[in-house]
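Student:
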Amino acid sequence: YYTFIWTMTLCLKAAERRGIPVTILDRPNPINGVTVEGPILDPDFASFVGLRPLAIRHALTMGEVARKMKAEHHPGVELRVIECEGWDRAAYLDETSFPWVMPSPNMPTVDTAVVYPGMCLLEGTKLSEGRGTTQPFEIFGAPYIDGWQLAEELNRQGLEGVIFRPWQFLPTFQKFKGEVCQGCMIHVIDRRAFQPFLMACTLLQTVIRLFGEKFEWLSPPYEYEEKLMPIDILLGNGWLREVIESGGDLKDALAAG
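Here the working numbering runs 264 ahead of the position in the sequence shown, where the first position is 1.
1) Name the DSSP bridge partner or partners of alanine 406?
2) For phenylalanine 461, which residues in the same chain have their Cβ closer than 7 Å to its Cβ, ignoring the five residues on either side in sequence?
3) Find out if the Cβ-Cβ distance for the pair valine 444, valine 426 is shorter than 7 Å.
4) Please report how far the alpha carbon of glycine 350 lies from the alpha carbon of lysine 478, in whole angstroms.
5) Assuming cysteine 448 and leucine 418 make a contact with CB atoms under 8 Å, what is their CB distance in whole Å?
6) Please name the residue in Pro400, Leu414, Phe458 whose C-alpha comes closest to that of glutamate 424.
7) Which residues in the same chain as aspartate 454 place their Cβ atom closer than 6 Å to its Cβ, once the five residues preceding and following it in sequence are excluded?
8) Excluding the five sequence neighbours on either side, which residues of its own chain have a C-beta within less than 6 Å of the C-beta of leucine 434, listed in chain order?
9) What residues in its chain sit with their C-beta under 7 Å from that of histidine 337, if we drop five residues either side in the sequence?
10) Does DSSP classify valine 507 as helix, strand or coil?
11) Answer with buried or exposed for tyrosine 486, where buried requires no fewer than 16 other C-beta atoms within 10 angstroms of its C-beta.
12) Report the residue from Asp306, Pro363, Leu499 whose alpha carbon sits nearest the alpha carbon of threonine 388.
13) Would you report the Cα separation of phenylalanine 365 and proline 294, rounded to the nearest angstrom?
14) I think glutamate 342 touches valine 286, with their Cβ atoms under 8 Å apart; what is that distance to the nearest whole Å?
15) Once you ignore the five residues that flank leucine 468 on each side, which residues in its own chain have a CB closer than 6 Å to its CB?
16) Go through its chain and collect everything with a Cβ distance to leucine 518's Cβ below 6 Å, but skip five positions before and after it.
17) How do the segment 265-272 and the segment 324-340 stand: do at least 3 beta-carbon pairs fall below 8 Å, yes or no?
18) Under the rule that 16 or more other beta-carbon atoms within 10 Å means buried, what is arginine 505, buried or exposed?
19) State the DSSP-derived secondary structure class of tryptophan 481, mapped to helix, strand or coil.
20) Taking the Cβ atom as the reference point for each residue, do phenylalanine 309 and asparagine 501 lie within a distance shorter than 7 Å?
21) To which residues of the same chain is lysine 390 closer than 8 Å at the C-beta, ignoring the five residues directly before and after it?
22) Hey, alanine 215 and asparagine 296: beta-carbon distance below 7 Å or not?
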């Protein structure tokens, strides 16, 4: 659901129609080019946050996504990718010689990018995903949450590579602007063991179990989609929301899906 890759895909589509060549100056995937996580998009849930079948955490570079889109959907486009040289695919960006340049307005650090493949799901809820603070996606919450209780319950889940700390924050814009929120700060202590998508689904399941009377999914419209639920187009299917809501086994569901 990184909309920049879908903007690029729409560029390829338009260029194919008009016979315009496309050149991409590639860059490393900032959270490594090895780890894949999350379900592949069901085409029935295609939108601007997920236009073509691709895993949520896909481990590809922008240029590699472009080549995949050309091969599978836009064979007529003239595409040239200037590749990265000497990139270790297992490296995170702060383990390379490249400086960090924010790839999106609310992506201030590599640490933000590490949690993003899961925490962007909160955009499909009325929980704050930390926009309006200095650590978007690394903190989350709402005025009705008990941060201490939530942190204790999340830490009990035994998720690999991550611990949760109670946190209070005051968003300066977007959800709950000017309201004190309680929730958690996410501390990733082992990036290579950490599974951000599984973590975020577990987080949502836990919030619903503890505070379900006040928890709400966001209703459409969202990102140019008028009918489908925002959480469903972010998840890329119509079944995983039911598993989250019902408290089902997430690991089994994701393995089967």
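Note that beta-carbon positions come from the ideal geometry of N, C-alpha and C, so glycine has one too. The structure displayed is predicted, hence computed values, not measured ones.
Tutor: Quick answer:
1) Counting from one through the sequence shown, the residue named residue 406 turns up at place 142. DSSP lists Gln446 as partners of alanine 406.
2) Counting from one through the sequence shown, the residue named residue 461 turns up at place 197. Closer than 7 Å at Cβ, skipping near neighbours: Glu301, Gly302, Ile320, Arg321, Pro381, Gly382.
3) Residue mapping note: residue 444 aligns to position 180 of the sequence shown, counting from 1. Residue mapping note: residue 426 aligns to position 162 of the sequence shown, counting from 1. For the 7 Å CB-CB criterion, valine 444 and valine 426 do not form a contact.
4) Along the sequence shown, one-based indexing puts residue 350 at 86. Along the sequence shown, one-based indexing puts residue 478 at 214. Going from the Cα of glycine 350 to the Cα of lysine 478 covers about 50 Å.
5) Position 184 of the sequence shown holds residue 448. Position 154 of the sequence shown holds residue 418. Confirmed, about 7 Å.
6) As a position in the sequence shown, residue 424 is number 160, starting the count at 1. The candidate whose alpha carbon is nearest that of glutamate 424 is Phe458.
7) Residue 454 sits at position 190 when you count from the first residue of the sequence shown. Cβ neighbours of aspartate 454 beyond the five flanking positions: Gly425.
8) Position 170 of the sequence shown, counted from the start, is the residue given in the question as residue 434. Excluding sequence neighbours, leucine 434 sits near Val444.
9) The residue labelled residue 337 in the question sits at position 73 within the sequence shown. The beta carbon of histidine 337 sits closer than 7 Å to the beta carbons of Arg316 from its chain, once the five residues preceding and following it are set aside; these are given in chain order.
10) Against the sequence shown, residue 507 aligns to sequence position 243. In this structure, valine 507 counts as helix in the three-state DSSP scheme.
11) Your numbering for residue 486 matches position 222 in the sequence shown. Here tyrosine 486 is buried: its Cβ has 16 or more other Cβ atoms, across all protein chains shown, within 10 Å.
12) On the sequence shown, position 124 is the one that residue 388 refers to. Note that residue 388 is glycine in the sequence shown, not threonine. Of the candidates Asp306, Pro363, Leu499, Leu499 places its Cα closest to the Cα of glycine 388.
13) Position 101 of the sequence shown holds residue 365. Position 30 of the sequence shown holds residue 294. Looking at the sequence itself, residue 365 is valine, so the reference to phenylalanine does not match. Valine 365 and proline 294 have their C-alpha atoms some 10 Å from each other.
14) Translated into the one-based positions of the sequence shown, residue 342 becomes position 78. Translated into the one-based positions of the sequence shown, residue 286 becomes position 22. The beta-carbon distance between glutamate 342 and valine 286, rounded to whole angstroms, is 7 Å. This is short enough to meet the 8 Å contact definition.
15) For the purposes of this step, residue 468 is taken as the residue at position 204 of the sequence shown. Result list for leucine 468: Ile508, in chain order.
16) As a first step, residue 518 must be located in the sequence shown, where it is residue number 254. Result list for leucine 518: empty, nothing under 6 Å.
17) Verdict: yes, contact present.
18) Within the sequence shown, residue 505 is the residue found at index 241, counting from 1. So arginine 505 counts as buried.
19) Residue numbering aside, residue 481 sits at position 217 when the sequence shown is read from its first letter. Three-state DSSP puts tryptophan 481 in a strand.
20) Sequence index remark: in the sequence shown, residue 309 carries index 45 (1-based). Sequence index remark: in the sequence shown, residue 501 carries index 237 (1-based). Yes, they are a contact pair.
21) Residue mapping note: residue 390 aligns to position 126 of the sequence shown, counting from 1. Correct list, in chain order: Ala406, Lys439, Phe479, Glu480, Trp481, Leu482.
22) Outside the modelled stretch of the chain, which goes from 265 to 521, sits residue 215, for which no answer is possible.
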